[in-house]
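Asks: In this note's numbering, the protein residues as written are 5 to 250.
1. Check each candidate in 108, 98, 199, 181 and name the one with the smallest Cα separation from residue 150.
2. Indicate whether residue 1 and residue 242 have their beta-carbon atoms separated by less than 8 Å.
3. Can you tell which of 168, 234, 188, 108 has the C-alpha that lies nearest to the C-alpha of residue 22?
4. Determine, using beta carbons only, whether residue 234 and residue 178 come nearer to each other than 8 Å.
5. Would you kindly check if the distance between the Cβ of residue 183 and the Cβ of residue 117 is under 8 Å?
6. Taking residue 144 as part of the beta strand (DSSP E), name the residues at either end of that continuous run.
7. Quick check on DSSP: helix, strand or coil for residue 200?
8. Within the 8 Å Cβ cut-off, does residue 241 reach chain D?
9. Just to confirm, is the Cβ distance from residue 114 to residue 163 under 8 Å?
10. Measuring CB atoms only, is the segment 43-51 touching the segment 80-92, in the sense that at least three cross pairs come out at less than 8 Å?
11. Assuming the contact rule is C-beta atoms closer than 8 Å, residue 249 and residue 202 should be a hit. Round their C-beta distance to whole Å, please.
12. What residue from 228, 190, 196, 84 has the CA that sits closest to residue 213's CA?
13. How do the segment 101-108 and the segment 57-77 stand: do at least 3 beta-carbon pairs fall below 8 Å, yes or no?
14. When DSSP labels each residue in this structure, what does residue 132 get in the three-state scheme?
15. Quick check: the Cα distance between residue 206 and residue 131, rounded to an integer number of angstroms?
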């Protein structure tokens, strides 16, 4: 059995979708989230459908918390094969209007957090002869949208980190890729997505969390053994469009 830590795994959208996809393909999933109750809820769902999973509390801005989760994973399963950096926060403000505290928090969670997790798992993967890492970015890394400036900057930085880690550790058979979700459907936002799907996507259906999870599962799988350092957009064609549909 392969073992994967999913940060932000208790999230109601992308995080839990990733956990569901991996559990469905036989992975043992460590659902790691700052909200332990949310992580436990996801684990209960996965176990109810035959999946193997454990919840763990994780604060990606706390180095010791990251070390504890990595150590607990190895203690629980005797191995750690993959990491998915899904934990993240948003910020909608014009670029020069955020406070220094908002800027620092955004970078601490969206950029330094994934790096901290990568730093802790890479030695284990090197010792095991390989492993796979998938970071969760955003379509905002590829273009400018009003009020998303600083959020986009963290995802662009994460994209550069992805390529660098792939380059640094490829000889150790460690792969690192990034998935860029578009607008993802969730309970309560259907009405907000209707116009987005109609005007800003090529495909006529909303992206669902499981779509992100399936992309991640592919990148972690042996079928993607030659895929590293790439950006995979799961956005129903949003990024590829030059102009909005009318």
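For each residue, glycine too, the CB sits at the ideal point set by N, CA and C. These figures come from a predicted structure and were not determined experimentally.
Replies: Walking through what the data contain:
1. 98
2. The chain is shown only over 5 to 250; residue 1 falls outside these bounds and no answer can be derived.
3. 188
4. no
5. Not in contact: residue 117 and residue 183 (Cβ atoms no closer than 8 Å).
6. Per DSSP, residue 144 is not a residue of any beta strand (DSSP E), being assigned neither H nor E.
7. helix
8. No chain D is present in this structure, which holds just one protein chain.
9. no
10. no
11. 7 Å
12. 190
13. no
14. Looking at residue 132 - three-state DSSP - the assignment turns out to be helix.
15. Within the model, the alpha-carbon separation for residue 206 versus residue 131 is close to 44 Å.
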